[in-house]
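Below you'll find the structure, written out as structure tokens, and then a few comments.
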Amino acid sequence: MRLAFILQCLAQIYCLICNGQQSTKRDLYYEYKKLYGSQSVLDRAIKAICDLLDESRKSLMSYRVVSDAQFILVVEKDAIFQKMLDEGYFTVLPASVIVTGKGYPDICTRLVLRWLVGRLAVPIYGLFDSDPHGIEIMLTYKYGSMSDCKEGRGCFVKEMQWLGFKPSDTSVLPIMSHQFIGLCNRDFVKITRIRRRAERLREYDVVKELDLLRSMRCKLELEAVSSIAPQFIISGYLLHCLPALVPVCYRSPNQALVDEQLEASNQ
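Letter by letter, the sequence shown follows residues -15 to -1, 1 to 252 of mature numbering (1 follows the signal peptide of the UniProt record, and there is no 0).
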């Protein structure tokens, strides 16, 4: 039966390619639900095909994109992603693409980003929590996961630039004291592990930020930045970090607050 599943799946993929179409794994499953019986059976068939051909699912993608985007922004959390949209992200930064993996850098999200960067040839930036988990996610987007299987090979975006939220930002932005969360033993273990990987990758700025995070003994989430003021991540933080990409007419009063904090920290 395993061979039957693989052959049927290959037939479906071949049909899609011939017709210039794409499909989700879920759609492929429902097309022959009685044969497969469960989604996991189809998933195993796809994995077997990838192993057999020594290819990944991305090799089956054939898309065309037209965009005037000047950059791509990856946001770690879906909640922050949704809040930024609700607060008028595209009014302030219309010429951009914003993406979230909903807290986890899954293979599909990384494939889409890899493809977008290749097609659009624009810079890509990331917003993550200022904690060990957020920094680990950033490195996964940029270099892939340590546990990636064959399907995950090449699913990374080395062009990823860590925009924030960094431990060093805590001395610049007006963060309320109650927003700080103490690091636990598991956090310190993760910092050590991530630091070793960052050193191997020669990501010395990341190493420096991890050392600062460890010395601070506390972490911060993106929610801490978003709670400073309405639309602060967009009109304050992003406009300061990406001034060359933002028209002057879109700058808001929150920008002055960030600039004042930066000037004070540099004196």
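Cβ atoms here follow ideal geometry from the backbone N, Cα and C, with glycine treated the same way.
Please read all numbers here as calculations on a predicted model, not as lab measurements.
Which value, in whole angstroms, describes the spacing of the CA atoms of residue i and residue j?
{"i": "C93", "j": "S153", "result": "31 angstroms"}
{"i": "L227", "j": "R202", "result": "29 angstroms"}
{"i": "P117", "j": "K10", "result": "33 angstroms"}
{"i": "G103", "j": "H163", "result": "42 angstroms"}
{"i": "A209", "j": "I160", "result": "7 angstroms"}
{"i": "I179", "j": "E61", "result": "17 angstroms"}
{"i": "T84", "j": "L70", "result": "Strictly speaking, residue 84 in this sequence is Val, with Thr absent from that position. Each residue's alpha carbon lies about 11 angstroms from the other."}
{"i": "S200", "j": "S41", "result": "41 angstroms"}
{"i": "Q24", "j": "Y14", "result": "6 angstroms"}
{"i": "S170", "j": "A64", "result": "In the sequence as presented, Ser is not what sits at residue 170; that position holds Asn. Spanning the two alpha carbons is a distance of roughly 27 angstroms."}
{"i": "G139", "j": "Y126", "result": "11 angstroms"}
{"i": "Y21", "j": "L27", "result": "6 angstroms"}
Note down, in chain order, each residue of its chain lying with its Cβ closer than 6 angstroms to the Cβ of residue i, except the 5 sequence neighbours on either side.
{"i": "G86", "result": "T94"}
{"i": "K175", "result": "P117"}
Which residue's Cα is closest to the Cα of residue i: the options?
{"i": "L223", "options": "M131, F56, K19", "result": "F56"}
{"i": "Q146", "options": "S41, P108, D172, C169", "result": "P108"}
{"i": "L58", "options": "E144, Q24, T155, L38", "result": "E144"}
{"i": "A80", "options": "P90, L98, L105", "result": "L105"}
{"i": "K68", "options": "S211, S220, G111", "result": "S211"}
{"i": "Y89", "options": "G119, L98, D172", "result": "G119"}
{"i": "G167", "options": "K204, Y17, K19", "result": "K204"}
{"i": "residue 257", "options": "K151, W100, S156, R99", "result": "One cannot answer for residue 257 here, as it falls past the ends of the chain, which runs -15 to 252."}
{"i": "F66", "options": "K193, Q6, L207, D36", "result": "L207"}
Grab me the residues of residue i's own chain with a C-beta within less than 8 angstroms of its C-beta, minus the 5 sequence neighbours each way, in chain order.
{"i": "L186", "result": "L124, Y128"}
{"i": "P232", "result": "Caution applies to P232, whose pLDDT of 49 falls short of 50 and renders its modelled position unreliable; the model cannot decide the point."}
What's the call for residue i, buried or exposed, on a 16-neighbour Cβ count within 10 Å?
{"i": "D114", "result": "buried"}
{"i": "V77", "result": "buried"}
{"i": "A(-5)", "result": "exposed"}
{"i": "A(-12)", "result": "exposed"}
{"i": "Q216", "result": "buried"}
{"i": "C3", "result": "exposed"}
{"i": "Y74", "result": "buried"}
{"i": "S184", "result": "The question names Ser, but residue 184 is Glu in the sequence shown. With fewer than 16 other Cβ atoms within 10 Å, it is exposed."}
{"i": "R99", "result": "buried"}
Here's a check: name, in chain order, each residue in its chain whose Cβ is nearer than 7 angstroms to the Cβ of residue i, leaving out the five neighbours to either side.
{"i": "I34", "result": "I(-10), C(-7), L(-6)"}
Hey, is residue i close to the ligand GTP, as in C-beta under 6 angstroms from one of its heavy atoms?
{"i": "L207", "result": "The ligand GTP is absent from the structure shown, which contains no ligand whatsoever."}
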